[in-house]
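Residue numbers (the UniProt record's numbering): 1 to 260.
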């Protein structure tokens, strides 16, 4: 007599069906999330496509330049610290190329036929941060164009403003030589900006806007300064002195770093 097994055979097909069902549901959930995020942005299709193209700018094997090819100095400091004044002197005396991230974005926004012009305009209008891939792409392009004209020294002013920007720049473009950090008491910066506001016509040169800019700098940019300081890559310059005294400090810093 043959014994009948009382153990039911394994239900492999049901298990596989359940697994595939979960995978399909997961894929649908991810797709729904992506669609929802895109819709919540309320961005036209062409903006979303431009964002995708901008994201592709980041994918490269390593830095575009070596430290032997170009020297990049980040210039950071609170609003009204006097960065622009000192950069102008360095350009004149040391033949640096002065690159302002804000100026590059505005120029790209207004350039006829720009791939990202409308996207930049949209982000600025909505008070949003322009995707860093675009800013990095513009900086890299500007460095490349000047390098081909035999310029090798660059002051990158007002960038990086955040840690992710700092890390991405050094990974994709070139590690910085060091950061010039212009230290200045908040009260001195406030007085300078209010004085400038009398003739500048800038809407953000008022007490409320200035204090917001101070807070933003402290919250987002100071972590960048502290990060590079921990690597011994920050030169601090006191800016509550006459312009020429400040510039003498800057020149001494360049000499110490063997920048001629």
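Positions of the beta carbon are idealized from the N, C-alpha and C atoms, including for glycine.
| Query | Result |
| --- | --- |
| Contact the stretch 132 to 148 vs the stretch 63 to 73: 3+ CB pairs below 8 Å | yes |
| Rounded straight-line distance, which links the Cα of residue 173 to that of residue 66 | 8 Å |
| Strand pairing of residue 71, partner residues [DSSP] | 153 |
| Whether residue 136 touches residue 168 by CB criterion (9 Å) | yes |
| Within-9 Å CB hit, residue 78 to chain D | No chain D is part of this structure, which consists of one protein chain only. |
| Own chain partners of residue 111 with C-beta closer than 8 Å, once the 5 adjacent residues on each side are dropped | 117 |
| Residue range of the beta strand (DSSP E) that includes residue 182 | 178 to 183 |
| Helix, strand or coil at residue 235 according to DSSP, with G and I counted as helix | strand |
| For residue 130 and residue 105, believed in contact at Cβ under 8 Å, the rounded distance | 6 Å |
| 8 Å CB neighbourhood of residue 199 in its chain, flanking five on each side removed | none |
| Contacting residues, own chain, Cβ-Cβ under 6 Å from residue 42 (five flanking each side not counted) | Caution applies to residue 42, whose pLDDT of 49 falls short of 50 and renders its modelled position unreliable; the value that the coordinates give is listed next. Result list for residue 42: empty, nothing under 6 Å. |
| Residue 207 burial status per 10 Å Cβ neighbour count (16 or more: buried) | exposed |
| Other residues of its chain near residue 102: CB distance less than 8 Å, five sequence neighbours each side excluded | 158 |
| For residue 83, the nearest candidate out of 155, 220 and 257 (CA to CA) | 155 |
| Range of the contiguous alpha helix (DSSP H) that encloses residue 188 | 186 to 200 |
| Beta-carbon contacts of residue 192 that lie in its chain and below 7 Å, excluding the five residues immediately before and after | 80 |
| Residue 241 (DSSP reduced to helix, strand or coil) | coil |
| Simplified DSSP state of residue 114, which is helix, strand or coil | coil |
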